[in-house]
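Each residue of the sequence shown is one higher than the one before, starting from 0 at the first, in numbering that gives the first Met the number 0. Here a beta-carbon is modelled for each residue, glycine too, at the ideal position from N, C-alpha and C.
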Amino acid sequence: MNRFVESSLIAATALVLLGVLAFPAMADEKKDKNAAYAIALDSGAVAVGKDGKLTLAITAGKGYKWNKQFPASFKITTTGEAANVANKDFRAPAFKTEGKTTAVQVPIAGASSGQTTLEGKVRFSVCNEEACIVKSETVRATIQVD
């Protein structure tokens with residue numbers, strides 16, 4: 000085998016090995032970012048003419064905590080016609096933290112029979128010992144009004 004072919008094979012093997020070793024690291028990094036928090040806006044039911052509530056909950060992942068210094072917000076963008084939401088903009092005092100979970104209570108009122116979707120945008124931050132992550136997420140919940 001000539002030296003050019005031999006060195007080309009060595010270089011190609013090194014590139015393949017580097018690629019194989021690099022991809023799991025990138026996958027783990029993405030997995031770690033996703034594990035930084037879990038977010039949920041519960042679906043619910045309310046009777047026509049009655050009051051109810053939905054809960055937006057953000058739980059910090061392993062090694063993370065809620066960033067109390069960040070000006071977190073939750074703004075409702077869509078409610079549909081079956082339910083009324085008096086307050087559509089939630090800020091600092093509305094976010095209550097207990098343990099690793101921070102929650103916002105969203106008061107709703109049943110307006111007319113049917114199913115509707117509540118949609119909103121939440122902005123928040125969680126931190127670990129190395130860095131803080133600032134996120135902006137769209138959340139949706141289905142509301143059944145009977």
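When you compare the CB positions of residue i and residue j, do they come within less than 8 Å of one another, or not?
i	j	result
E118	T54	no
A35	Y63	yes
A130	A102	no
V125	N66	yes
Taking the straight line between their C-alpha atoms, what separation do you get for residue i and residue j?
i	j	result
T58	T96	9 Å
A108	N83	5 Å
G113	F69	37 Å
G43	P106	11 Å
S111	G79	10 Å
K74	V144	22 Å
A37	V47	31 Å
G60	K99	8 Å
K52	I132	28 Å
Looking at the structure shown, is residue i part of a helix, part of a strand, or coil, going by DSSP?
i	result
P92	helix
T101	strand
By alpha-carbon positions, which one of the options ends up nearest to residue i?
i	options	result
K49	A81, T101, A71 and L40	A81
T116	R90, D88, V138 and F89	V138
Which residue marks the beginning of the beta strand (DSSP E) containing residue i, and which one marks its end?
i	result
D50	D50 to A59
F152	The structure shown does not extend to residue 152, since the chain is modelled only from 0 through 145, so no value can be given for it.
Q114	G113 to C126
A36	Per the sequence shown, the amino acid found at residue 36 is Tyr instead of Ala. Y36 to L40 is the span of the beta strand (DSSP E), which, as asked, contains Y36.
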